[in-house]
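Data block below; observations after.
Protein chains: 2
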Amino acid sequence: MAVDFFLSNVAEYPRVVSISIFTAVLCFCIVIGHVLVNSRWTNEFAATIFIGCLSGIVILLLSRGKSSHILRFDEELFFIYLLPPIIFNAGFQVKKKQFFHNFVTIMLFGAIGVFISFFIISAGTWWLFPKIGFEGLTTWQYLALGAIFSSTDTVCTLQVLRQEETPHLYSLVFGEGVVNGATSIVLFNAIQKINASKIGGGTAFILLWDFLCLFSTSTMLGVAVGLSTAYTLKTFYFGRHSTDREVALMMLMAYLSYVVAELLNLSGIPTVFFCGIVMSHYAWHNATESSRVTTRHIFSTISFIAETFIFLYVGMDVFDIEKWKMTKIGVKATFGVNFILFILVLLGRAAFVFPLSILSNKISSGPERLIITFKHQFIIWWAGLMRGAVSIALAFNLFTVSGVTWDPVHATMITSTIVIVLFTTLAIGIFTKPLVNKLIHQAQRNNQPQTSISKEDPTTPLLSIEESTESNLLKATRSLSILLESPIHTIHFYWRKFDNAYMRPVFGGPTSSGGDR
Amino acid sequence: MAVDFFLSNVAEYPRVVSISIFTAVLCFCIVIGHVLVNSRWTNEFAATIFIGCLSGIVILLLSRGKSSHILRFDEELFFIYLLPPIIFNAGFQVKKKQFFHNFVTIMLFGAIGVFISFFIISAGTWWLFPKIGFEGLTTWQYLALGAIFSSTDTVCTLQVLRQEETPHLYSLVFGEGVVNGATSIVLFNAIQKINASKIGGGTAFILLWDFLCLFSTSTMLGVAVGLSTAYTLKTFYFGRHSTDREVALMMLMAYLSYVVAELLNLSGIPTVFFCGIVMSHYAWHNATESSRVTTRHIFSTISFIAETFIFLYVGMDVFDIEKWKMTKIGVKATFGVNFILFILVLLGRAAFVFPLSILSNKISSGPERLIITFKHQFIIWWAGLMRGAVSIALAFNLFTVSGVTWDPVHATMITSTIVIVLFTTLAIGIFTKPLVNKLIHQAQRNNQPQTSISKEDPTTPLLSIEESTESNLLKATRSLSILLESPIHTIHFYWRKFDNAYMRPVFGGPTSSGGDR
């Protein structure tokens, strides 16, 4: 009998209490974040995590040490509801021109880079953890650790770089973050499937090949969904009757691309990202004027709420007293584990950012190429050190069963992940803003004349700092780079021609080759 | 161990399949709805229900008769996630001037009307059900049936009336729907709490008093949350930095008002409705220009998606084979039950719309008063016959435990509710559009001169059709109405003065008394 249920007393739905508290704290975070916008020393997401920690402490005290969280970290919530709008908005708002100009570099960092970082962290933990007396992880768990700690936190990184101020750097760091997140998840997945006893030299190549297949099919799915949305909007001309229907269709189709990708065992992140790019390139132009203003803000607002939600969530999870009680290892060992992980994260990222930047500089050419100076490399390395919600979600997936674990080793890995995420987000988040301000202003002063040179002549020197000392090497590199880059530029030229002649008339968008937002 | 979980294979989260199918069908419904907008014979929500039915049949066939739904009807989903945005948007978009001018009439219809309808349906079922051999319901279940079938479906009703064409009628039917929905839920709740053996003459008054207390406290909470949002936006001037933050704060505060109301055992519907009114009156004016465009569309888009979702849901639930198998009563009895319920719904609504309209006409006065002609009364009666998601949710709450029931009588009540909702929405939804078009055009032609007369002189005849025949009665009525109405107009005058002098400078909004949207 349902007599026990009193409907309008929805407080009996157990989640209403959590939702109320969470919404209230979320509102508070938004206000605080606004107040902090002009602050030099922190960003609003660091503040949100801090507020999350405080709420966690308050709840811990109110519940007399029993529980510190009102919502348990839930992978489903994160991967199915919060991540898609963030990634879609990223694709929708990204400056496409710069993104595709840096495409090769982005793929180098995002795919190859993660593999390098993964290798260093896996090998490092496997070698160092037993030395400080922390044992109990299996081989494939060490491998999974590598994947968990190789994923850069796109969301937080973007907070410290402004697209308007440093468009090239932004598109690089941002693009890397998207590919990087996808790679980490794919890698994590692949690791759980491979047979740990059969790991050999070929495994890395198999993983890389798997990744490339997955990435390209996922991208194609996203492009297909984006194009069909654009075609539908253009054919039926929705704006005639209703703006809402237009916006609703774009939102639902974007979400559909993500869930279908997950359903087909593809990776939803590149799918929804490229769906966003295609939608902003074609579908957006088919909408009415008010829809255009609305979509731009609706997607970024939803994304903003999801981001704030995630950081609050992570902050609240810090004082998860149950997991801390469960760890059962000493303060020294805890410190050791966290220190090793942090150093490996630093090293793992350094090991690919600097070499791959130099490689990218060597093969880069064209009228609007980006020379990644050492200062830029440093910022890319630094800004990408932050670990975020993806790491947490992967760690929870590996080491817990629906957010609960009874194994001390596993509990330690969870708390360590939270510590690393918290430390990198807070500490690095706080110092990145002044660092970027300082380096970028200097770098722009140094770089400005070079950009103008390279615009005048596509075959001028490609390396900026080492220019005078390496002139012999330079000549060889230059020939190589022209050889390597020219097909990409030809592709881009033909793409624009094809786009104007065939794609835009069918799917929408300005038919003049002028504007690329 | 979590080895079994493969993360990026989120298909293992069981809901991904349902979400994918549902999103895809939702997109399809939006496109179909757009195509049908200019159709004379149907509205898009009837089409959505129809598509839902078709999907249900397809799923039924694919699952070989086992199951017809991909998502079980979930009260929590409905009351916590889908209903708040719809009601908030209703408050945000409503023409406040007309709404408050008709406030007395709306409250008459929404509160007293539901009580009359509730009484007729409860008494009717209690008297007629045993006569056709359908027994097994307890006294308070008969009472609950009255509440379940007294709630008008606001969402669908609004589809057939256009705010631009018939603003007075729209604000009446719409306002009634909101108050009506709240009353039904409150009533339903109150019934489950009262002792069935103690029902007497006083019960109705206790219920009415409970309702009035609840309604006024809920309204005050909504107004308070709306005002604090407006004050925050005005004080901090969010638009300076970010449109997203502004919009996000408005969305979250609105939602907060709803969940807090539910948490405090108040009724969330009037809370979030008045929160919407206050936000559009004050907070909206504090936002930047792009935020204003965005909020207007963001709320209506989310509301639109939620509405479509609900209708699709209801449509899919029709062929819930488990419940149909469970009913165990003959075709004749099923038909009898549904017929009785439908007739009682018709009668229950007629019993309050016509008398209360006449009462409202008698006490109505002022320069912009609305005379509810017989044709208008007929449309109000007809348009409000539709039963919708609120009825379904209440029925599921009463007769099932988390969507499942093993009692044949309860299963019958669930299927009957679905049949009534489907029948009223489809049949009445189809015929309302031509009916309204025909009657409104005639009514407007008849009504136009009267409105102009009443604008010239507030004390001219108040009753429109019976004017010449009832002149003696009229004079008495006129004196009465001036006596009754003049305080309301004085209140309105002082409110505008107070609003301009104290409220708007603090909470925002244009300080000239000119524009009321």
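Residue numbers (our numbering), protein chains in the order written: chain A, 1 to 517; chain B, 1 to 517. Built from N, CA and C at the ideal position, the CB exists for glycine as well.
Beta bridge counterpart(s) of residue i as assigned by DSSP
{"i": "Val345/B", "result": "In the DSSP output, where bridge partners are listed per residue, Val345/B has none listed."}
{"i": "Thr152/A", "result": "Arg387/A"}
Cβ-Cβ separation, residue j to residue i (assumed contact under 8 Å), whole Å
{"i": "Gly509/A", "j": "Met316/A", "result": "Gly509/A to Met316/A, Cβ: 43 Å. No contact."}
{"i": "Arg349/A", "j": "Gly384/A", "result": "6 Å"}
{"i": "Leu137/A", "j": "Ser122/A", "result": "That belief does not hold up - the Cβ atoms of Leu137/A and Ser122/A are roughly 11 Å apart, past 8 Å."}
{"i": "Leu82/A", "j": "Ala306/A", "result": "4 Å"}
{"i": "Ala147/A", "j": "Ile112/A", "result": "Not quite, the Cβ-Cβ distance comes to about 15 Å (not below 8 Å), so this is no contact."}
{"i": "Ala351/A", "j": "Ser117/A", "result": "7 Å"}
{"i": "Leu187/B", "j": "Phe211/B", "result": "7 Å"}
{"i": "Ile132/B", "j": "Gly336/B", "result": "4 Å"}
{"i": "Phe319/A", "j": "Leu60/A", "result": "5 Å"}
{"i": "Ser151/B", "j": "Val390/B", "result": "4 Å"}
Within 9 Å, strictly: CB atoms of residue i and residue j
{"i": "Cys213/A", "j": "Phe88/A", "result": "no"}
{"i": "Val31/B", "j": "Phe236/A", "result": "yes"}
{"i": "Phe134/B", "j": "Ala333/B", "result": "yes"}
{"i": "Ser300/A", "j": "Gln93/A", "result": "yes"}
{"i": "Thr183/A", "j": "Ser360/A", "result": "no"}
{"i": "Leu263/B", "j": "Gly52/B", "result": "no"}
{"i": "Val293/B", "j": "Gly222/B", "result": "no"}
{"i": "Ile185/A", "j": "Val16/B", "result": "no"}
{"i": "Ile269/A", "j": "Gly181/A", "result": "yes"}
{"i": "Met251/B", "j": "Ile310/B", "result": "no"}
{"i": "Met279/A", "j": "Val179/A", "result": "no"}
{"i": "Leu266/A", "j": "Ser218/A", "result": "yes"}
{"i": "Ser20/A", "j": "Val409/B", "result": "no"}
{"i": "Leu344/B", "j": "Gly124/B", "result": "yes"}
Straight-line gap, residue i to residue j (C-alpha atoms, nearest Å)
{"i": "Ser518/B", "j": "Phe205/B", "result": "Given that chain B is displayed from residue 1 to residue 517, the structure contains no residue 518/B and the question cannot be resolved."}
{"i": "Arg504/A", "j": "Tyr282/A", "result": "7 Å"}
{"i": "Leu346/B", "j": "Arg496/B", "result": "40 Å"}
{"i": "Asn338/A", "j": "Phe28/A", "result": "31 Å"}
{"i": "Lys96/A", "j": "Arg296/A", "result": "15 Å"}
{"i": "Gln448/A", "j": "Leu172/A", "result": "Per-residue confidence for Gln448/A stands at a pLDDT of 47, beneath the threshold of 50, marking its modelled position as unreliable; the derived number appears in the next sentence. About 18 Å."}
{"i": "Trp382/B", "j": "Val421/B", "result": "14 Å"}
{"i": "Val353/A", "j": "Met386/A", "result": "14 Å"}
{"i": "Thr139/B", "j": "Ala46/A", "result": "58 Å"}
{"i": "Gly177/B", "j": "Tyr255/B", "result": "20 Å"}
{"i": "Phe507/A", "j": "Gln377/A", "result": "38 Å"}
{"i": "Tyr142/B", "j": "Asp153/B", "result": "21 Å"}
{"i": "Ser303/B", "j": "Ile86/B", "result": "4 Å"}
{"i": "Pro502/B", "j": "Ala230/B", "result": "Residue identity check: residue 502/B is Tyr in the sequence provided, not Pro. C-alpha separation (whole angstroms): 14 Å."}
{"i": "Ile392/A", "j": "Leu341/A", "result": "14 Å"}
{"i": "Ser216/B", "j": "Met220/A", "result": "55 Å"}
{"i": "Ser242/B", "j": "Asn286/B", "result": "13 Å"}
{"i": "Asp457/A", "j": "Ile380/A", "result": "Below a pLDDT of 50, predicted positions are generally treated as unreliable, and Asp457/A, at 37, falls in that range; no measurement from the model is reported."}
{"i": "His34/B", "j": "Arg245/A", "result": "8 Å"}
{"i": "Phe119/B", "j": "Thr203/B", "result": "12 Å"}
{"i": "Met253/A", "j": "Ser257/B", "result": "30 Å"}
{"i": "Ser416/B", "j": "His168/B", "result": "34 Å"}
{"i": "Phe109/B", "j": "Phe103/B", "result": "10 Å"}
{"i": "Leu62/B", "j": "Phe50/B", "result": "18 Å"}
{"i": "Thr166/A", "j": "Thr23/A", "result": "34 Å"}
{"i": "Phe431/A", "j": "Leu128/A", "result": "29 Å"}
{"i": "Phe100/A", "j": "Trp284/B", "result": "39 Å"}
{"i": "Ile363/B", "j": "Val247/B", "result": "41 Å"}
{"i": "Ile277/A", "j": "Pro84/A", "result": "14 Å"}
For the region 274–292 of chain A, which residues have a CB atom closer than 8 Å to at least one CB atom of chain B, in sequence order? Those would be Ser290, Ser291, in chain order.
Check distances from the C-beta atoms of the region 294–308 of chain B to those of chain A and list, in chain order, the residues that come in under 7 Å. Listed in sequence order: Thr294, His297, Ile298, Ser300, Thr301, Phe304, Ile305.
Closer than 8 Å, Cβ to Cβ, to anything on chain A: give me those residues from the region 222–246 of chain B, in chain order. Taken in chain order, the members of the region 222–246 of chain B whose beta-carbon sits within less than 8 Å of a beta-carbon on chain A are Thr232, Phe236, Phe238, His241, Ser242, Thr243, Asp244, Arg245.
Note down, in chain order, all residues in the region 97–116 of chain B with a beta-carbon under 8 Å from any beta-carbon belonging to chain A. Going along the region 97–116 of chain B in chain order, one finds no residue with a Cβ nearer than 8 Å to chain A.
Contact set between the region 121–139 of chain B and chain A, restricted to residues whose Cβ is under 9 Å from the partner: Here the close residues number zero.
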